[in-house]
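Notes to accompany the following structure.
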Amino acid sequence: MPTTATTLAGLLQTILLVIVALILVYTARHYVFTLNRLFGRQRHPYIDIDTADWPRVTVLVAAHNEELVIEGSLRALMDVDYPQDRLTVMPVNDRSQDRTREVIDSLVAQFPGRIKPFHRTGGKPGKAAALKDAMQFVEGEVIVVFDADYVPSKGLIRQLVAPLFDPEVGATMGRVVPQNASANMLTRLLDLERSGGYQVDQQARMNMRLVPQYGGTVGAVRVQALNAIGGWREDVLAEDTDLTYRLLLAGWQTVYQNRCECYEEVPQSWPVRVRQIMRWTKGHNTAMYSYSMRLLRSPHVSLAAKIDGLLLLGVYAMSPLLMLGWACSIALLYLDRAPLLQGVVLLFALMSYSALGNFAAFFEIGAAVRMDGNRNRLRLLPLNQFGFLVSMVSISRATVNQWIDGLFKREMKWDKTVRYRKPGASA
Amino acid sequence: MTAVLFSGALLLALIGLALLPSLLELRRPTDVEPLRVPKDHDNHVFRFAASYRTRLESVFGAPLQRSLADGAAAQRAREHGMTLVDASASSDPDWSQPLACAGVLSIPAGTDVPQEIYAASELRIGRASIVRAALSDGVATLHRDACVTRWLHARRVRLDTGSRVQARVSADESIELAPGVELLRSHAPVVRVAGTAPASAQAPDSASESMPRYAGELGSGDARKASSQWDAAGGRWIVFQDMRLAPRTRVCGHLIVRGDAHLGAGSRVEGSLKVHGRLTMDEGVRVDGACVAACDARIGAASRIAGPLVCEGRLEMHGATTVGDPARLTSVTGEEVLMHGGACVHGTVWGKSWVRTL
């Protein structure tokens, strides 16, 4: 007769093995993406479309208390290389309580007919809700979404719109580059992380025809596709992930344009960073609960894209699982019932993981930084371990909070990311 | 106790050693600048030609054709390390210097011109000459086996057989390509390969209302698994397998084929076309929107595509194929682009590896 301790140990051991297997899958994924970027065929099929009968575009600039940065963004948009008669810039001033409205209105007067502001004074908070309300004023076939702190280069709108000539493409995504990378250690670490995420992850997905992700800003969306999937959802915290999967399930692809680069600000303090991660976690997990099964059944998605799509949905679930794995290991140690994890097997597993598994994420970031032509910032790579730890704890906390919110039917709260740029400072 | 303390200190030292480069970089940053995103980047083919013209105009004044004829132009040229070539003079200028010419500039056969040059009127680049970059306000002709290594811009450009432009060539009016030319990126309201289409090739029928309409694919095997689907919200047909469109059939809406596609002669897509596999168009096919092929594509003679035309493999455009419209310029891009005699593009032709004419 097995004792309670033996049964518990067996259960914990099974959980641990499943978690280890998942970690290995994600490790392999890091390697596949990085090796693809280093040695594979790179796909940039739409980047050479420089001349075309361009569609009418509305650029939505989401702004909530953005008096410090909105002017730079709108001025840059007035200078972009896109036919003026086909471009409308619409700042979506979402219930701002600072001078955002004043700044926008002064620019409207300076550029008559080119900026059509939408001043939103009420309604549900959050970017998706604001964009949803703005859609009724959009004229044209394509919308481009920017955050108020983004400063586009001259050719960016054309490059973002070009893939939408493909009738299968519903959205495009450009690359965001931290503009305040030099501010402190956190921004430098986030610069490395972003580099890995875009230069390797997103581009590898594009190369391998998997699931590049729409990131919510520096991206274009086909209005017809957006309407076909029911428009923006205001009840989600990660409208970007949500949109990516709804488009995918309806047979629309998202294209990543690695050479469409645009500056953004990254958090400069750890509390702001933690809040950002927690918001992303809740939004991303909601998408995971909503779309995992539908993705598996979709006739529009290839097997490889289904696997990638599922792994992408599960990214934020891995942190609490990893913590659970640690807890299982400790419990098994004290229960002294871990035959599979003893002796030579354990030694080899530890050695293999230390040599390869732990290294995968760093390998990815290192490769990305090298591709960007940077060198000495790679010295900071070991410090990313601390960034990962903070992320892991924040994500786990957010996941637990989300379950509690779900239990008590509490509504999820939008949390705006702090801006740091000084008024008038150029990006 | 000592052993424990020693072990602890050793452990801390080892961890510290691993973090030492990071800590040094944090204390004395050497690589902190954000990745450079050029604000003025616009990706235009004539970017270099435009900036060269601006440089010349800052020296001589605008417009160049008139300012170069001015008596003081030679002096200004010397001050800026340039040679002003007198078109009427019989002397051979120093071709290794940056040159500007108020009239017709003829580069003798076999000459190496390593600097940028400007001709206010006609520019003739002799047989087997190599020119780095050239700007002309007249007609620029590359004679047989001549080569431009960086860029060439003129009012009109003619490339003779065997000539090459290794980077970009653009024109305000037209680029005429002889068979056997190789280039990379070209742009003009008309980019045409000399020659005609096969006599059998028939242009697309402009009145297609009488053509039978495409009504989806018949599924094979499991009848519950449809092999095509009409997506009403997106206004597009999605075909989940290889597809063969019968001749003179019309597809109302966009068409997405997730396999190979073969479009029969005289068929028409009243929207855009996307093919995941190999695309084959017979003669006289018409596509009213863009055409995107994820593998190789063969465009049959006398076909018409509104554009853009994007091919991730080898793109072959047969005679009298037309892409774009003089009033609506567009882009043709492919890994390798082969243009047969009579093929014409209104806008940009860009081969990632090469564009060749036959």
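If you're matching them up, the sequences are chains A and B in order.
Note that the first sequence covers residues 0 to 426 in numbering that gives the first Met the number 0.
Note that the second sequence covers residues 0 to 357 in numbering that gives the first Met the number 0.
Every residue gets a Cβ at the ideal spot worked out from N, C-alpha and C, and that includes glycine.
These numbers come from a predicted model, not from an experiment.
Here B:Ala166 carries a strand assignment [DSSP, helix/strand/coil]. With a threshold of 16 other beta carbon atoms within 10 Å, A:Leu332 falls short and is exposed. Gly270, Ser271, Leu272, Lys273, His275, Gly288, Ala289: these are the residues of the stretch 261–289 of chain B whose beta carbon lies less than 9 Å from some beta carbon of chain A, given in chain order. When only Cα atoms are considered, A:Asn179 and A:Thr186 end up about 7 Å apart. In the displayed model, A:Phe117 falls within a strand according to three-state DSSP. Within chain A, the residues placing a beta-carbon under 7 Å from that of B:His43 are Asp49, ordered along the chain. Considered as a whole, the stretch 22–106 of chain B harbours 82–84, 98–100, 104–106 as its complete beta strand (DSSP E) runs of no fewer than 3 residues, in chain order. Among the residues facing chain B, A:Val271 is not included, as its CB has no counterpart in that chain under 7 Å away. Around the beta carbon of A:Asn183, fewer than 16 other beta carbons lie within 10 angstroms, which makes this residue exposed. With the criterion set as a beta carbon lying under 7 Å from some beta carbon of chain B, the members of the stretch 373–384 of chain A are Asn373, Arg374, Asn375, Arg376, Arg378, Leu379, Pro381, Leu382, in sequence order. The closest CA to that of B:His261, considering only B:Ser135, B:Arg243, B:Arg249, B:Val268, is found on B:Arg243.
Taking 8 Å as the upper bound for CB-CB distance, B:Glu115 and B:Ala101 are not in contact here, some 16 Å apart. Per DSSP, A:Asn383 lies in no beta strand (DSSP E); the unbroken alpha helix (DSSP H) holding it starts and ends at 383–406. Not one beta carbon of chain A lies nearer than 7 Å to the beta carbon of B:Pro325. About 10 Å separates the beta carbon of B:Val309 from that of A:Ile46, a gap too long to meet the 8 Å contact definition. The C-beta distance from A:Ser328 to A:Leu15 rounds to 6 Å, short enough to fall under 8 Å. Under the Cβ criterion of 7 Å, B:Pro307 is counted among the residues facing chain A. Per the coordinates, the alpha-carbon of A:Gln41 lies some 39 Å from the alpha-carbon of A:Asn92.
Nearest to B:Val44 by C-alpha distance, out of B:Arg75, B:Glu172, B:His152, B:Val284, is B:His152.
Residue B:Leu337 holds the alpha-carbon nearest to the alpha-carbon of B:Ala177 among B:Gly7, B:Arg46, B:Leu337, B:Thr110. At least one C-beta of chain B is nearer than 7 Å to the C-beta of A:Val176. Taking each of B:Phe47, B:Ala48, B:Gln74 in turn and checking the Cα distance to B:Val58, the smallest one comes out for B:Gln74.
Looking at the backbone, the Cα of B:Trp353 and that of A:Leu388 are separated by about 49 Å. Contact holds between the stretch 219–226 of chain A and the stretch 165–175 of chain A, because three or more Cβ pairs, one in each stretch, are under 8 Å apart.
Within the same chain, Cβ atoms closer than 8 Å to the Cβ of A:Thr253 are found at Val168, Gly169, Ala170, Thr171, Met172, Val210, Pro211, Gln212, Tyr213, Thr243, Leu246, Leu247, the five residues on either side in sequence being excluded. Selection A:His299, A:Phe145, A:Val60, A:His283 evaluated against A:Asp234 yields A:His283 as nearest (Cα-Cα).
Under the 7 Å criterion on CB atoms, B:Thr347 is classed as interfacial with respect to chain A. Under the 8 Å Cβ criterion, the stretch 118–135 of chain A does not count as touching the stretch 150–157 of chain A, having fewer than three qualifying pairs. Taking 7 Å as the cut-off, the Cβ atoms of B:Gly265 and B:Pro246 count as close.
When DSSP states are grouped into helix, strand and coil, B:Lys273 belongs to the strand group. Secondary structure at A:Glu192: helix, using DSSP grouped into helix, strand and coil. When secondary structure is reduced to three states using DSSP, B:Leu254 falls in the strand class. B:Gly109 has a beta carbon lying at 7 Å or more from every beta carbon in chain A.
By alpha-carbon distance to A:Trp402, the top candidate from A:Thr280, A:Leu295, A:Asp371, A:Phe32 is A:Thr280.
For A:Phe362, the three-state secondary structure derived from DSSP is helix. 7 Å or more divides the Cβ of A:Phe32 from the Cβ of A:Val176.
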